[in-house]
Each structure stands twice: as C-alpha cells, then as structure tokens.
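Engineer: Residues 222 to 464 in our numbering are what the sequence shown spells out, letter by letter. Yeah, the Cβ is synthetic: ideal placement off N, Cα and C, and Gly gets one too. What you are looking at is a predicted structure, and each value in this text was computed from that prediction instead of being measured.
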Amino acid sequence: MNAFSLTGKTLLITGASSGLGRQTAISASEAGATLILTGRNEVRLRETLEKLSGEGHAMVVADLTVDAQLQSLVASFGMLNGVFFSTGVSTLVPTGFITADKLRIDLAINYEAPVLLTSALLRKKKLQQQDCSLLYMSTVSTVYPFVGGAMYIGARAALEGYARVLALELAPKGIRVNCLRSGFVRTPMLEKTAQLSKVAVEKIENQQPLGIGDPVDVARTAVFYFSGASKWITGTNLILGGG
Ligand SMILES: NC(=O)c1ccc[n+]([C@@H]2O[C@H](COP(=O)([O-])OP(=O)(O)OC[C@H]3O[C@@H](n4cnc5c(N)ncnc54)[C@H](OP(=O)(O)O)[C@@H]3O)[C@@H](O)[C@H]2O)c1
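#1: Can the beta-carbon of Ala-289 be found closer than 8 Å to that of Thr-308?
#2: If we ignore side chains and look at the alpha-carbon of each, how far apart do Tyr-365 and Pro-393 end up?
#3: Can you give me the Cβ contacts of Gly-395 inside the same chain, cut-off strictly under 6 Å, excluding the 5 residues immediately before and after it?
#4: Bridge partners of Arg-407, per DSSP?
#5: For the beta strand (DSSP E) that Leu-233 lies in, which residues bound it at each end?
#6: In chain order, what residues of the same chain lie with their CB nearer than 7 Å to the CB of Thr-455, ignoring the 5 residues before and after it?
#7: Ala-213 lies in the beta strand (DSSP E); which residues open and close that run?
#8: Just to confirm, are Thr-245 and Ala-440 a CB contact at a threshold of 8 Å?
#9: The beta strand (DSSP E) spanning Leu-354 covers which residue range?
#10: Skipping 5 residues on each side, what residues in its chain have a beta carbon closer than 7 Å to that of Gly-449?
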C-alpha cells in the first residue's frame with residue numbers, strides 16, 4: 222500500500238466552495254479519498270463536487286457560524302479519517318477602526334467555527350481513532366504580520382494555540398492535529414485584497430521567497446498530512462511559501 226495514498230479514507234472539507242478548500246478536495250479525491258464537502262454557496266459547492274475524481278462524495282450546504290447548521294452537518298455523515306478546516310475571511314481593518322461587531326463576525330468564522338466544529342465532532346464520536354488527521358488553515362502572517370490584519374491574524378494565532386492543546390489531548394487516541402501557516406496564494410481571497418490595494422499584493426509577492434503560491438501547492442501538502450506518510454507528525458505549524 223502506498224503510504225501517500227488516501228484510498229479508503231473519508232475526509233470532511235470545510236470552505237470547499239472556493240479557493241484552497243476546493244483545490245484540496247480535488248487533490249484528495251485524486252489521491253483516492255471519499256469526500257464530504259461543505260460551504261455556504263450551493264452553486265459553487267456543486268461545481269467542486271463535479272470536479273472530484275471517484276465516486277461516493279457528498280455535499281452539505283452550511284453556515285458554520287449558525288449552530289443548528291453546524292450540528293446538522295455533523296449529523297449527516299459517519300466516521301471521518303480527517304478534516305480540512307479551510308473556512309475563513311480576511312478583513313483588513315486598521316486597529317483604531319476595530320469595533321465589537323466587526324470583531325464578533327471575524328472571530329465567529331476564523332476562530333469559533335473551527336473550534337466548535339471540532340467539539341461537535343468529538344462529542345458525536347465522528348473521528349476515527351488511530352487513523353485521523355485534523356488540519357487547520359492558518360497563515361504565515363501570524364509570524365510575519367501585515368498592517369490592517371490585526372483581527373484576522375489575532376484569530377488565526379488563537380487557532381494555532383488551540384490546535385497545539387488539541388494535539389496534546391488527542392495524541393493518546395492516535396488523532397493528529399496540525400496547522401498550515403500558508404503564505405499568500407492566488408485565490409478569491411487574494412483577489413479581494415488586490416482590489417483594495419494592488420501595492421500590498423506586489424509587496425507580498427516580493428517578500429515571499431518562493432513567490433505567490435497556487436492552490437495546488439497547499440492542496441498537495443494537505444494530502445500529505447491526511448496520508449499515512451505523516452503518521453508521526455502532530456502539533457506542528459508548517460510555513461508554506463517561505464514566509
Ligand atoms: N489565499 C491565501 O492567500 C491564504 C493565505 C493564508 C491562509 N489562508 C487561509 O486559508 C483559508 C481558505 O482561504 P481561501 O483563499 O481558499 O479563501 P476563499 O477562497 O475566500 O474561501 C473561503 C471559504 O470559506 C467559506 N466560508 C466563509 N464564511 C463561512 C461561513 N460562515 N460558513 C461556512 N463557510 C464559510 C467560504 O464559503 P462560501 O464561499 O460558500 O460562502 C469559502 O468556501 C482561509 O481560512 C484563509 O484564512 C489563505
């Protein structure tokens with residue numbers, strides 16, 4: 222058996238209607254996984270479903286900041302061998318303009334949604350012991366920050382701290398927990414930043430030793446983390462793109 226294969230594994234991919242979630246779903250299906258896709262936009266989620274290799278995949282439309290939708294998502298499938306937590310929004314707000322409302326929205330999707338989804342998966346015993354990998358999307362900006370990113374980067378830094386505790390708690394069950402600190406990648410999220418400031422994106426491109434990434438660069442790394450080839454890796458924050 223190829224240690225890098227995902228054959229026989231069932232994975233849940235959040236944020237599967239766009240960007241890194243979509244590409245990771247495609248690459249994981251090419252590696253043999255069966256996928257449950259979730260996102261809010263039904264049309265784009267179905268587009269991802271149609272791009273998958275193999276059979277038996279499913280999709281569930283859900284807003285992960287709404288508890289009832291999160292709970293029905295978790296009730297809709299059986300045991301999982303992995304979850305890719307790729308939901309997120311990156312809103313640029315100078316620190317003096319952060320308000321309680323903006324902070325609540327940001328934390329709800331960038332921190333609370335992955336944390337509460339993990340709690341629900343644990344409580345409902347949906348994670349396969351001895352063969353499960355949880356992978357959280359973070360950002361290289363928790364190490365190399367950018368102006369205006371305080372809310373988003375703060376939420377991601379909190380998620381990294383959470384994931385390290387989770388790695389300790391779940392290690393006895395053989396469940397691995399890791400974060401990807403990705404550099405900037407060409408996705409709709411980066412396009413939105415480019416619309417606000419082309420200069421900021423040019424600066425990012427010049428600062429990343431390996432340039433701006435393609436979604437497949439993140440997706441192939443994620444496939445490795447879901448495969449048996451990463452069975453001795455937990456509690457890490459891998460920098461992608463060189464920082
Ligand atoms: N792109 C980059 O350069 C980059 C770099 C470092 C880290 N990241 C991180 O990687 C992750 C994915 O980024 P991306 O570039 O793929 O972004 P993206 O293309 O904007 O996709 C974001 C995804 O999050 C989903 N989402 C947002 N709010 C949601 C909610 N309330 N409930 C459920 N789903 C929700 C969206 O679903 P709908 O579209 O269906 O609403 C979409 O599928 C993010 O967490 C981001 O922080 C990205």
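Structural biologist: For this structure:
#1: no
#2: 33 Å
#3: Gln-350, Gln-351
#4: Arg-407 is not bridged to any residue.
#5: 231-235
#6: Ala-388, Ala-392, Arg-397, Val-398, Asn-399
#7: Outside the shown range of the chain, which is 222 to 464, sits residue 213, and nothing can be said about it.
#8: yes
#9: A quick correction: the sequence has Ser, not Leu, at residue 354. Taken as a continuous stretch (DSSP letters only), the beta strand (DSSP E) holding Ser-354 covers 353-360.
#10: Ala-224
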